[in-house]
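Student: Residue numbers (the UniProt record's numbering): 1 to 153.
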Amino acid sequence: MALPTFTQRYEAGDAWLANSCAHPTLVQDVWAADMLAPIPSGEEWLVAEARLATGYPKLVRIRAEQRGPVLADPVMDALWWLVPLGAAEELADVRQLVVQAAGWCLNCPPTGWQVEGRMWITRPDGSGLLTDPAVLAAAFGPGGYRLATEASR
Numbered sequence: 001m002a003l004p005t006f007t008q009r010y011e012a013g014d015a016w017l018a019n020s021c022a023h024p025t026l027v028q029d030v031w032a033a034d035m036l037a038p039i040p041s042g043e044e045w046l047v048a049e050a051r052l053a054t055g056y057p058k059l060v061r062i063r064a065e066q067r068g069p070v071l072a073d074p075v076m077d078a079l080w081w082l083v084p085l086g087a088a089e090e091l092a093d094v095r096q097l098v099v100q101a102a103g104w105c106l107n108c109p110p111t112g113w114q115v116e117g118r119m120w121i122t123r124p125d126g127s128g129l130l131t132d133p134a135v136l137a138a139a140f141g142p143g144g145y146r147l148a149t150e151a152s153r
């Protein structure tokens, strides 16, 4: 079986992201106009927010297969993880993260390119994979989440 092309992955990610909204066609229309689409959280996922400067070093400590979509905005110094519903309680003690309430809108570019400087560091791929809050909390913890290669040192 052939692996999906980049275009197929972007299209699957865009469809998944747009379908997280009550009006997926409007999301697609906004993207076609090369604008950010406001997609409310709370139906499929929540948003955990951190500063880009402090969050990016934590991001790279989480293995790719454990990382759901992650959106970055360098101008705003912001990084957003898409996390499962119910993650707010598990991440409540992580001071560097703020889990936005359900209904909070995340202004998203399409998965294939950046808009207004905002880009996906880890793109939605259509699979529905979200970042496990336990792994995210561990990455921000005092010892940090340890990659398998780091743990063997």
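Heads up, the beta-carbon is just placed ideally off N, CA and C, and yes, glycines get one too.
1. Count the other CB atoms, across all protein chains shown, that sit within 10 Å of the CB of Ala-64; report buried if there are 16 or more and exposed otherwise.
2. What's the gap between the Cα of Phe-140 and the Cα of Lys-58?
3. Would you report the Cα separation of Asp-132 and Asp-34, rounded to the nearest angstrom?
4. How long is the line joining the alpha carbons of Ala-22 and Val-75, rounded to whole angstroms?
5. Taking Leu-71 and Ala-137 to be in contact with their CB atoms under 8 Å, please state how far apart those CB atoms are, rounded to whole angstroms.
6. So the candidates are Leu-17, Ala-88, Gly-103; which of them puts its Cα closest to the Cα of Leu-36?
7. Over the uninterrupted beta strand (DSSP E) stretch that includes residue 155, give me the two end residues.
8. Buried or exposed: where does Trp-113 fall if 16 or more other Cβ atoms within 10 Å of its Cβ makes it buried?
9. Output yes or no for whether 8 Å exceeds the beta carbon distance between Leu-52 and Gly-68.
10. How long is the line joining the alpha carbons of Ile-39 and Val-94, rounded to whole angstroms?
Tutor: Taking the structure as given:
1. As a first step, residue 64 must be located in the sequence shown, where it is residue number 64. Label assigned to Ala-64: exposed.
2. Translated into the one-based positions of the sequence shown, residue 140 becomes position 140. Translated into the one-based positions of the sequence shown, residue 58 becomes position 58. Whole-angstrom Cα-Cα distance: 6 Å.
3. To locate residue 132, count along the sequence shown from 1; it is residue 132. To locate residue 34, count along the sequence shown from 1; it is residue 34. When rounded, the distance between both Cα atoms is 31 Å.
4. Reading the sequence shown from its first residue, position 22 is the one you call residue 22. Reading the sequence shown from its first residue, position 75 is the one you call residue 75. If you draw a straight line from the Cα of Ala-22 to the Cα of Val-75, it is about 29 Å long.
5. Here residue 71 corresponds to residue number 71 of the sequence shown, with the count starting at 1. Here residue 137 corresponds to residue number 137 of the sequence shown, with the count starting at 1. Their Cβ separation, rounded to whole angstroms, is 19 Å, which puts Leu-71 and Ala-137 out of contact at 8 Å.
6. Along the sequence shown, one-based indexing puts residue 36 at 36. The shortest Cα separation from Leu-36 among Leu-17, Ala-88, Gly-103 belongs to Leu-17.
7. For the chain, the structure presents residues 1 to 153; residue 155 sits outside this window and is missing.
8. Reading the sequence shown from its first residue, position 113 is the one you call residue 113. The residue is exposed, with fewer than 16 neighbouring Cβ atoms inside 10 Å.
9. On the sequence shown, position 52 is the one that residue 52 refers to. On the sequence shown, position 68 is the one that residue 68 refers to. Cβ distance not < 8 Å, so Leu-52 and Gly-68 don't count as in contact.
10. Here residue 39 corresponds to residue number 39 of the sequence shown, with the count starting at 1. Here residue 94 corresponds to residue number 94 of the sequence shown, with the count starting at 1. Rounded to whole angstroms, Ile-39 to Val-94 spans 24 Å at the Cα level.
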